[in-house]
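Working notes, structure below.
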Amino acid sequence: MATKVFPVLPLGPIVAQRGRASAARLGVECIDLYQVHWPNPLVPISTTMTGMGRLLDAGLVAHAGVSNFSLAQWQGAEAALARPVLSNQVQYSLAARRPEAELLGWAQANDRLVIAFSPLGQGLLSARYDVSNRPGGVRAANPLFLPENLRRASGLLDALREVGRAQGASPAQVALAWVIGHPNVVAIPGASSVAQLESNAAAADLVLSDEQNEWLTAAADAFVPRRGLRAVPSMARSLVGRGSG
Ligand SMILES: NC(=O)c1ccc[n+]([C@@H]2O[C@H](COP(=O)([O-])OP(=O)(O)OC[C@H]3O[C@@H](n4cnc5c(N)ncnc54)[C@H](OP(=O)(O)O)[C@@H]3O)[C@@H](O)[C@H]2O)c1
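This is the structure we're talking about:
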């Protein structure tokens, strides 16, 4: 069982109190993994980790984790705790590969875990969206679903479909198998139905061949979505309903 503390003011006593309250609400004597949701720009991590240390000492938490931490911040958290910080929960998928630069190698070399959030690119990698069928809600504001980026993703989505056909699996399952095929990486996909949840759990048994992994990685290398400031004009056009990208 894993949960997080949202670090509005993550002073030691507050983290310790939040951890105790979470365990009580969850009805457990010990939280397996307690994660600091974000680095806090104002409160030093040494202060936050004082509270985490108290929870570990009391047996209320079995392992400390962090989320959205850079490698330097993760290592800083460990130094402050003077114990391992088992995991770092970060965005990681075929459509968001920044953790490969530093985090994965360090986790693999040091017996730590990268927990991949949004491993399906918020649904992009299910390959069921395209320019004529874009998701609504909060995803309408996600640059990945801009018409231009959906067009740019077509090669990657085709690769997912094709590997899926060869494996008797869905594109979403292939995308998850690619993520968790990396040593020391686990994934926490979201699901909008029980059927999706079951399908995602079944993906844990899917093993891709080296050739399939390489093909997907090459297709992901070739997918360069328009993000940041360069995405703003397309985003503005899209939000006012002239979604030509
Ligand atoms: N640590 C953090 O800061 C942070 C930030 C964001 C998220 N997270 C965590 O990460 C978890 C997952 O991330 P996420 O939900 O943002 O993105 P995700 O797992 O990449 O995408 C989930 C979406 O993909 C679609 N989907 C899921 N399974 C599918 C399947 N088998 N077939 C087809 N479509 C499928 C569903 O949307 P549709 O069916 O509607 O298309 C679902 O809502 C969340 O539970 C959240 O707690 C953590």
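In this note's numbering, the protein residues as written are 112 to 356.
Yeah, the Cβ is synthetic: ideal placement off N, Cα and C, and Gly gets one too.
Secondary structure at residue i, three-state DSSP: helix, strand or coil?
| i | result |
| --- | --- |
| Ser265 | helix |
| Gly354 | Here the model assigns Gly354 a pLDDT of 44, short of 50, so the residue's position is not dependable and the matter cannot be decided. |
| Asn179 | coil |
| Leu205 | coil |
| Leu120 | coil |
| Asn390 | The displayed coordinates of the chain run from 112 to 356. Any statement about residue 390 would go beyond what the structure contains. |
| Asn311 | helix |
| Arg338 | coil |
| Ala302 | coil |
| Leu236 | helix |
| Val196 | strand |
Short check: CB of residue i to CB of residue j, under 8 Å?
| i | j | result |
| --- | --- | --- |
| Arg131 | Leu171 | yes |
| Leu267 | Ala218 | no |
| Pro230 | Arg338 | no |
| Asn199 | Phe180 | yes |
| Ala288 | Leu308 | no |
| Tyr203 | Gly176 | no |
| Leu224 | Asn295 | yes |
| Gly162 | Pro195 | no |
If we cut at 8 Å on Cβ distances, does residue i have a partner in chain D?
| i | result |
| --- | --- |
| Gln184 | Any reference to chain D falls outside this structure, which holds one protein chain only. |
Where does the unbroken alpha helix (DSSP H) through residue i begin, and where does it stop?
| i | result |
| --- | --- |
| Ala135 | Gly123 to Leu137 |
| Val285 | Pro282 to Ile291 |
| Gln323 | Asp321 to Asp332 |
| Asp168 | Ile156 to Asp168 |
| Leu214 | Leu214 to Asn221 |
Assuming residue i is part of the beta strand (DSSP E), what are its boundary residues?
| i | result |
| --- | --- |
| Ala227 | Leu224 to Phe228 |
| Asp143 | Ile142 to Val147 |
With a threshold of 7 Å (Cβ to nearest heavy atom), would residue i be considered close to ligand 3?
| i | result |
| --- | --- |
| Asn311 | Ligands present in the displayed structure are limited to ligand 1, and ligand 3 is not among them. |
Q) Is there contact here, the region 281–301 with the region 246–266, by at least three beta-carbon pairs under 8 Å? A) Result no; under three Cβ-Cβ pairs closer than 8 Å.
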